[in-house]
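S.K.: Got a structure for you, written out below as structure tokens; questions coming shortly.
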Amino acid sequence: MVPSIGMQENVMIECLQNHTPDVLVIDEIGRKKEVMAALTVKQRGVRIVASAHGNLVDLIKNKELNGLIGGVESVLIGDEEAK
């Protein structure tokens, strides 16, 4: 259990380090620090089940949360590639 919302990312990392879970269930990721903690957990091979308010378009547009879906990159292509 997370004592306060401001500690969620710390509790996620602490759980990873102290309990070696197979799956981590997170109720609402809503801040960049929590996204970064979730990516750290994922990189260590732990599955994540989490919620984030909004739909896919909302997540894509939200710069703090789009890391949950792999991020967004801008690219420029020339006329030849666009054909």
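As numbered in full-length UniProt numbering, residues 1 to 83 make up the sequence shown, in order. We put the beta carbon where it would ideally sit given N, CA and C, even for glycine.
Pick from His53, Ile29, Lys61, Gly78: whose alpha carbon is nearest that of Gln8?
M.R.: With distances taken between Cα atoms, Gln8 lies closest to Ile29.
S.K.: When the Cβ atoms of the stretch 34-52 are set against those of the stretch 15-25, are three or more pairs found closer than 8 Å?
M.R.: Touching, yes.
S.K.: For my contact list, Leu59 and Leu68 are in at a C-beta cut-off of 8 Å; report their separation, rounded to the angstrom.
M.R.: Right, their Cβ atoms sit about 6 Å apart.
S.K.: So, at 8 Å on beta carbons, what are the nonlocal neighbours of Val35 in its own chain, with the 5 sequence-adjacent residues on each side left out?
M.R.: Cβ within range, chain order: Ile29, Glu64, Leu65, Gly67, Leu68.
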